[in-house]
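Report on the structure given below.
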Amino acid sequence: MLNAHDITVSFSGEELFSGITFKLNAGDRIGLVGKNGAGKSTLLKIVSGEQEYDRGSMAFDKDISLGFLKQDIDFEEGRTVIEEAYQAFKEIKSIEGKLEAVNTQLAERTDYESEYYHNLMHDLDELSHRYELIGGYNYQGETEKILAGLGFKQENLNQMTNTFSGGWRMRIELAKLLLQKHDILLLDEPTNHLDIESIIWFENFLKGFSGAIMMVSHDKMFLDNVTNRTIEISLGQIYDYKKPYSQYLLLRNEIKEKQLQAQKNQDREIKHTEQLIEKFRAKANKASMAQSLIKKLNKVERIEVDVEDNAVMNVRFPMSITPGKVVVEAEDLAKNYDENQVLEDVNMLIERGSKIAFVGQNGQGKSTLAKIMVGEISFDGEMKLGHNVQIGYFAQNQSEYLDGELTILETMENEATDGNRVKVRDMLGSFLFRGDEVEKKVKVLSGGERNRLALCKMLLHPFNLLIMDEPTNHLDIASKNVLKRALKQFEGTLILVSHDREFLQDLASTVYSFREGGIKEYLGDINYFLEQHELEDMRAVEMSSKKESDVNTSKGGKQNHADQKQRKKLQNRLSKIEAEISDLEKKIINDDAQISENFQLLHEDKEFFNLYNEKKTRVEELMGQWEEVQEKIESI
65 MLNAHDITVS
75 FSGEELFSGI
85 TFKLNAGDRI
95 GLVGKNGAGK
105 STLLKIVSGE
115 QEYDRGSMAF
125 DKDISLGFLK
135 QDIDFEEGRT
145 VIEEAYQAFK
155 EIKSIEGKLE
165 AVNTQLAERT
175 DYESEYYHNL
185 MHDLDELSHR
195 YELIGGYNYQ
205 GETEKILAGL
215 GFKQENLNQM
225 TNTFSGGWRM
235 RIELAKLLLQ
245 KHDILLLDEP
255 TNHLDIESII
265 WFENFLKGFS
275 GAIMMVSHDK
285 MFLDNVTNRT
295 IEISLGQIYD
305 YKKPYSQYLL
315 LRNEIKEKQL
325 QAQKNQDREI
335 KHTEQLIEKF
345 RAKANKASMA
355 QSLIKKLNKV
365 ERIEVDVEDN
375 AVMNVRFPMS
385 ITPGKVVVEA
395 EDLAKNYDEN
405 QVLEDVNMLI
415 ERGSKIAFVG
425 QNGQGKSTLA
435 KIMVGEISFD
445 GEMKLGHNVQ
455 IGYFAQNQSE
465 YLDGELTILE
475 TMENEATDGN
485 RVKVRDMLGS
495 FLFRGDEVEK
505 KVKVLSGGER
515 NRLALCKMLL
525 HPFNLLIMDE
535 PTNHLDIASK
545 NVLKRALKQF
555 EGTLILVSHD
565 REFLQDLAST
575 VYSFREGGIK
585 EYLGDINYFL
595 EQHELEDMRA
605 VEMSSKKESD
615 VNTSKGGKQN
625 HADQKQRKKL
635 QNRLSKIEAE
645 ISDLEKKIIN
655 DDAQISENFQ
665 LLHEDKEFFN
675 LYNEKKTRVE
685 ELMGQWEEVQ
695 EKIESI
């Protein structure tokens, strides 16, 4: 399908990559990986024809159709979501216009025997045949199916595109691309604006795609589930492996170990040959032998070990003072944007040291609740921060708050205090901004570099509650791994809004699911949450819920709003009870262990055993409350 040979690209006289050669065949699903700034997006632009290259050649098979999903898109205003999606079908829409014109003429004319009328009938027949052939009778249903898969509800389809955020517009652009049925798909970070449910749907779609795919993604799990080949761009070269990402990492390490071993063996042989040359060179009767060895040595092809760019940022989040036990508490919290009720009757309690993930579809209130916590937007109900709580906040569009006209160094110095201004250059160095790079203006930085700078700027002030909204967007995989390690080591309370399943694994121990204005707590990690909701097929779950709702509607109309409100309150109460039971049971297990190990020391400690018995009694009370609340929920 595509043959790229000896491609070389330079910027300002400096080579980005040199002599790149690869082939793209039908069925190839390539993951382009490498550090931020390595040239991944540039390579996609070159393949798409949007950017020229300095040297080399690129040949496509005849009649190959290519679609490119870029990070930045331009939208024409004045269309609804469904109208914009229909733009994918240019020929179908063109024929629809011609068919309408022909049918109008046929309805108006009465000269049924004339040659002109006969020609109109012939045109109608040809247009109708072509219309059917290119899917004219199926495209509307197919469009709605793709949009639903990407998270759009039926009521969204007739809304104007300019009422949606950039992330949702990107989904419309992705829908158009998938509907056009190209032979080659070029995708630049396609999951950045998708929620977990849409990502899983998209994975399944791409698995069934018969053409070729070349994508840039920093979502390790997505790459593993979709790709069958990995191309790494590192230090101006590419390394091609016919394996998905995780298998490529293992294979790359194996290859490097073999190269190192072969290089050691060769170095040993070369050293031995050089010693013989020096020995024989001094003797007249051995001079010819020395010359022969020199010629042999010159012909040896030296084994090279693949060069790796191992530079990674160094992150350690500063912990401020220890806060009170309860960090955040919300009661009957609600938030609406005009007629859109985003959050309703939200009750939650977050304790010191918790590691929490907010998950759910876009638009369900995750970012809204994060903004409420940091005092950025107004709301109804109650939201209280605990004693001595100091918040560090990384917004989803944090990098957009950076002043593009400032340099990297100026950005940091303007935020620094007298106490840490002298550390600014060292901090930037730990985030891979070294030497003269700190004099670059922010506006020339890539998305990943901007995110790194925004993270670095955050660390100028200590905190004990860290709220991060999609912090991994645009970060390369190596940087994400470093960030994940830093968050694991953070001793404070962590709230993460993220759609990156692999990033959340082993990081968040509690998950809050956002759906239809409410939240539900799951006392387990992201894997537990995925298992509970069978998110591998979330769309099936959603369709099941919709069918159930339709059945209820046909039997007697919509459920009473008061009942829904009461059910939400009871479910929140149930979650609180479950959390308290879990916490007490852990403490009782710890007490049992202490009794087993130190009974002689503890048997006279009346206070210890009083508290121990109080915990057991409290668990019994809570179990009774749990049964009562559960019965009330079932009765509604």
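For reference, each letter of the sequence shown is one residue, going 65 to 700 in the working numbering.
Glycine included, C-beta positions come from ideal geometry on N, C-alpha and C.
Residue span of the alpha helix (DSSP H) that contains residue i, given as start and end
| i | result |
| --- | --- |
| Asp288 | 284-290 |
| Leu299 | Careful: Leu299 lies outside any alpha helix (DSSP H) and carries neither H nor E. |
| Ser192 | 179-197 |
| Leu582 | The question names Leu, but residue 582 is Gly in the sequence shown. Not the alpha helix (DSSP H): Gly582 falls in the beta strand (DSSP E), residues 582-586. |
| Gly424 | No alpha helix (DSSP H) holds Gly424; the beta strand (DSSP E) holding it covers 419-424. |
| Leu695 | In the sequence as displayed, the identity of residue 695 is Glu instead of Leu. Unbroken alpha helix (DSSP H) run through Glu695: 670-699. |
| Ile455 | Note, Ile455: premise wrong, no alpha helix (DSSP H); beta strand (DSSP E) at 455-458. |
| Ala434 | 430-437 |
| Met491 | 488-494 |
| Thr475 | 472-479 |
Cβ neighbour criterion (16 or more within 10 Å) applied to residue i
| i | result |
| --- | --- |
| Phe75 | exposed |
| Thr85 | exposed |
| Ser178 | exposed |
| Asp70 | exposed |
| Met285 | buried |
| Val508 | exposed |
| Arg293 | buried |
| Lys62 | In the structure displayed, the chain extends from 65 to 700; residue 62 sits before or after that span and is not available. |
| Ala326 | exposed |
| Ile441 | exposed |
| Gly499 | exposed |
| Asp402 | exposed |
| Ala90 | exposed |
| Thr536 | buried |
| Ala604 | Confidence at Ala604 is low in this model, with a pLDDT of 46, below 50, so its placement is unreliable and no value can be given for it. |
| Arg235 | buried |
| Ala165 | exposed |
| Met279 | buried |
| Asn378 | exposed |
| Val693 | buried |
| Gln428 | buried |
| Asn256 | buried |
| Gly213 | buried |
| Leu523 | buried |
| His52 | Only positions 65 to 700 of the chain appear in this structure, which leaves residue 52 out of reach. |
| Met412 | buried |
Residue interval of the beta strand (DSSP E) (run including residue i)
| i | result |
| --- | --- |
| Gln405 | 404-415 |
| Ser390 | First, the amino acid is wrong: residue 390 is Val here, not Ser. Note, Val390: beta strand (DSSP E), 390-401. |
| Leu558 | 557-561 |
| Gln347 | Note on identity: in this sequence residue 347 is Lys, with Gln being the wrong assignment. It is not in any beta strand (DSSP E) - Lys347 carries neither H nor E in the DSSP assignment. |
| Glu446 | 444-449 |
Bridge partner(s) assigned by DSSP for residue i
| i | result |
| --- | --- |
| Leu71 | Sequence check: residue 71 is Ile here, not Leu. DSSP, once it has assigned bridges, lists Ile84 as partnering Ile71. |
| Glu79 | Ser74 |
| Phe228 | Answer is none; Phe228 lacks a bridge partner. |
| Gly200 | DSSP lists no partner for Gly200. |
| Ala326 | Partner(s): none; Ala326 has no beta bridge. |
| Thr294 | Gly95, Tyr305 |
| Met383 | Phe527 |
| Leu221 | Per DSSP, none; premise fails for Leu221. |
| Ala102 | Looking at the DSSP assignment, Ala102 forms no beta bridge with any residue, so it has no partner. |
| Met122 | Ala68 |
| Arg579 | Gly582 |
CB contact check: residue i to chain D, cutoff 8 Å
| i | result |
| --- | --- |
| Ile110 | Protein chain content of the structure displayed is limited to a single chain, and chain D is not contained in it. |
Near the ligand SAH: residue i beta-carbon under 7 Å from a heavy atom
| i | result |
| --- | --- |
| Gly77 | By its list of ligands, the structure shown contains no ligand whatsoever, and the ligand SAH lies outside what it can speak to. |
Beta strand (DSSP E) runs contained entirely in the region 130-173, provided each spans 3 or more residues | Counting only runs of 3 or more, we get 130-133.
Give a yes or no on contact between the region 557-567 and the region 405-419, applying the rule of three or more CB pairs nearer than 8 Å.
-> Touching, yes, given that three or more Cβ pairs across the two stretches are closer than 8 Å.
Below 8 Å, can you find three or more Cβ-Cβ pairs linking the region 384-392 to the region 214-227?
-> No, because fewer than three Cβ pairs between the region 384-392 and the region 214-227 fall closer than 8 Å, the two stretches do not touch.
Does the count of Cβ pairs from the region 497-508 and the region 538-553 closer than 8 Å reach three?
-> Using a C-beta cut-off of 8 Å, the region 497-508 makes no contact with the region 538-553, since fewer than three inter-stretch Cβ pairs fall below that distance.
Could you say if the region 637-657 and the region 573-592 meet the contact criterion of at least three C-beta pairs nearer than 8 Å?
-> Here the region 637-657 makes contact with the region 573-592; the two share three or more CB pairs at distances below 8 Å.
Every unbroken beta strand (DSSP E) within the region 237-279, with a cutoff of 3 residues, ordered by chain | Within the region 237-279, the complete beta strand (DSSP E) segments of 3 residues or longer fall at 248-252, listed in chain order.
At 3 residues or longer, and completely inside the region 504-577: list those beta strand (DSSP E) runs for me, N to C.
-> The qualifying runs are 529-533, 557-561.
Touch test, the region 111-126 against the region 333-342, Cβ-Cβ under 8 Å, three pairs minimum | As far as the Cβ criterion goes, the region 111-126 does not touch the region 333-342, which means the pair count is below three.
Below 8 Å, can you find three or more Cβ-Cβ pairs linking the region 243-253 to the region 126-133?
-> Using a Cβ-Cβ distance cut-off of 8 Å, the region 243-253 and the region 126-133 are in contact, since at least three pairs of beta carbons, one from each stretch, lie closer than that value.
May I ask you to verify whether the region 427-444 touches the region 465-482, counting CB pairs closer than 8 Å and requiring at least 3?
-> Because the criterion of three Cβ pairs below 8 Å is not met, the region 427-444 and the region 465-482 do not touch.
Sufficient close CB pairs (3 or more, under 8 Å) joining the region 456-466 to the region 483-501 = The region 456-466, when compared against the region 483-501, does not touch it at the 8 Å Cβ threshold.
Quick check: the region 188-197 against the region 220-232, are there 3 or more CB pairs under 8 Å?
-> With the cut-off at 8 Å, the region 188-197 and the region 220-232 do not touch.
For the 8 Å Cβ check, are there 3 or more pairs between the region 104-112 and the region 159-175?
-> With the cut-off at 8 Å, the region 104-112 and the region 159-175 do not touch.
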